[in-house]
Every structure is written in structure tokens, then in C-alpha cells.
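Residue numbers (this note's numbering): 11 to 167. Note that the Cβ used here is the ideal one computed from N, Cα and C, for glycine as well. For reference, the structure is listed below as C-alpha cells.
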Amino acid sequence: MSKYSYMTQEGYDKLIADLDELKGPGRQKVAAAIAEARSKGDLSENAEYDAAKDAQGMLELKINELEKVMATARVIDASQLDSSKVTVLSKVRIKNVKMNKEITYHLVSETEADLANKKISVTSPMGEGLLGKKVGEIAVVETPRGNLEFEIMEISL
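Structure (C-alpha cells):
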């Protein structure tokens, strides 16, 4: 993972909201589940208590991971980026050279990646293959089934 996690203001705000949700209502919900399970008697044979403690551990792990991302987060101002080549936050229209099919991707940080919305991570094989390329250049993306070639058709922010 890179030294910094570059993201949009929207992604940063969502990260803060998620962290606040986990630390506040999330912790309260887990604490209530533990208290309820504890009130049911012997803890050594209480499956509800074990499940609640596991949920607490998973919640704290998620909080820890989000705090690590926050510690290295850097918000990027799209107006300061160069649109002559592919960078983080670029929207790139590419054409599969072999299949002659076009698709547009938005390159974002790992935490903002969402393939369903065509947002791919700059650290993914596709993202790494596209970074630094200019319109008209061919990006070669390594896949388990071999290399794929994509022509850069358009870059925007």
C-alpha cells in the first residue's frame, strides 16, 4: 500500500461519517448485545455472549482500519490535476484494442473503489496500467489470462 491514500473530498467525508457511525451507535449496539447476553447466566456456555464478543472484535478491527486510512488520507483538489495524462481522480475512456469495445472508468483511491459505479483503484492492475498514459497511447494490463491492451481515448477530471 502506498504511503498516502489520495481521495476526493466526497470520499473523505464518507470515511469520517462511517468512522463516526462505528464509534458511536456501532459501539453502543455491540455493548448492549454483550450486556444482554451477559444477563442470561453462565458465560462459559453462552453462545450469544461469544457471538457478541466476536462482533465487538470485528467492529474494533474495522474502526482500526478506518483510522489507519484516515491517518494517511490526503484530499486532492481536482482543479490542481493535470488532465493531459491519467492520474488519480481521472475519468478515462478506453477502448479494448482486441474487442473494439469502449468503457469509461474513474480512477480513485483503494477506499473509494466501487466497480459497480465504474470507480477503480489506482492500485488495481487496471489502474496501474492506465496511470501516466496520454490520449492515443496503449495501456497494457496484465491479467491471469494474459496481457490486455487498451487505447486511451479521452481523459477528463
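Residue i, DSSP secondary structure in three states
{"i": "Arg84", "result": "strand"}
{"i": "Asp124", "result": "strand"}
{"i": "Arg103", "result": "strand"}
{"i": "Ser54", "result": "helix"}
{"i": "Ser89", "result": "helix"}
{"i": "Met163", "result": "strand"}
{"i": "Lys39", "result": "helix"}
{"i": "Tyr16", "result": "strand"}
{"i": "Lys129", "result": "strand"}
Extent of the continuous beta strand (DSSP E) to which residue i belongs
{"i": "Met136", "result": "First-last for Met136: Pro135 to Leu140, but that is the alpha helix (DSSP H), not the beta strand (DSSP E)."}
{"i": "Gly146", "result": "Gly146 -> no beta strand (DSSP E), and no H or E assigned at all."}
{"i": "Lys111", "result": "Lys111 to Val118"}
Neighbour-count burial assignment, residue i, 16 or more Cβ in a 10 Å radius
{"i": "Ser94", "result": "exposed"}
{"i": "Glu122", "result": "buried"}
{"i": "Ala41", "result": "exposed"}
{"i": "Ala149", "result": "buried"}
{"i": "Tyr59", "result": "buried"}
{"i": "Ala81", "result": "exposed"}
{"i": "Gln19", "result": "exposed"}
{"i": "Asp92", "result": "exposed"}
{"i": "Ala62", "result": "buried"}
{"i": "Ser54", "result": "exposed"}
{"i": "Val79", "result": "buried"}
For residue i, the nearest candidate out of the options (CA to CA)
{"i": "Ser166", "options": "Ile113, Lys101 and Glu112", "result": "Lys101"}
{"i": "Ser134", "options": "Ala45, Tyr115, Gly21 and Asp60", "result": "Tyr115"}
{"i": "Val145", "options": "Gly67, Lys105, Glu75 and Gly137", "result": "Lys105"}
CB contact flag (residue i, residue j, <8 Å)
{"i": "Leu32", "j": "Ile73", "result": "yes"}
{"i": "Gly142", "j": "Val96", "result": "yes"}
{"i": "Ser119", "j": "Gly21", "result": "yes"}
{"i": "Glu77", "j": "Leu29", "result": "yes"}
{"i": "Ala47", "j": "Ala65", "result": "no"}
{"i": "Ala83", "j": "Ser131", "result": "no"}
Min CB distance residue i to chain B below 8 Å
{"i": "Phe160", "result": "Within the model displayed, chain B is absent; a lone protein chain is all it includes."}
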